[in-house]
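In full-length UniProt numbering, the protein residues as written are 1 to 145.
All C-beta atoms in this analysis are idealised placements derived from N, C-alpha and C, irrespective of residue type, glycine included.
Computed from a predicted model, the values in this text were never measured in an experiment.
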């Protein structure tokens, strides 16, 4: 089965095999949107080329990018997940450090600290995570097992 697009609420990701298909889909979405009084926000439109030459632009003034974020996950042009993993680590680190006074507290039990960690830090790490995604791109890295 081949997906042509990914839709969620007001987010849309169009998928195509060729630049021509992408331009046709973009024109179709733009035309259908205009017919009901909606416009594509050109400043929020992003183009990601995967394993292809950067030749003809898609013409709704979308900028050419190496990565973009869709539903909280960073997608890059090499199909890898390194940027997504690094961003998640940064978010988890920030969540952990915001609770520094909790971790240093002598008044809270270890059990309470673990529960706080699981609800406030671990959830940041696991939000939107696809199990096996990192391992699929880095089979040589056994530190994740």
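{"Asked": "In its own chain, which residues sit with a C-beta less than 7 Å from the C-beta of residue 87, not counting the 5 before and 5 after it?", "Found": "74"}
{"Asked": "What is the residue span of the beta strand (DSSP E) that residue 47 lies within?", "Found": "46 to 48"}
{"Asked": "If you run the structure through DSSP and keep just helix, strand and coil, what is residue 172?", "Found": "Residue numbering for the chain in the displayed model covers 1 to 145; residue 172 lies beyond these limits and cannot be assessed."}
{"Asked": "My output table needs one value for residue 96: the three-state DSSP class, helix, strand or coil.", "Found": "helix"}
{"Asked": "Between the alpha carbons of residue 99 and residue 114, how many angstroms are there, rounded?", "Found": "12 Å"}
{"Asked": "Between residue 68 and the rest of its own chain, which residues show a CB-CB distance below 8 Å, the 5 nearest in sequence each way excluded?", "Found": "46, 48, 74, 75"}
{"Asked": "Taking all protein chains shown into account, do 16 or more other C-beta atoms lie within 10 angstroms of the C-beta of residue 112, making it buried, or fewer, making it exposed?", "Found": "exposed"}
{"Asked": "Three Cβ pairs or more, each shorter than 8 Å: is that satisfied between the region 32 to 42 and the region 89 to 109?", "Found": "no"}
{"Asked": "Under a three-way DSSP split, which group does residue 11 fall into?", "Found": "strand"}
{"Asked": "Grab me the residues of residue 121's own chain with a C-beta within less than 8 Å of its C-beta, minus the 5 sequence neighbours each way, in chain order.", "Found": "92, 95, 96, 99"}
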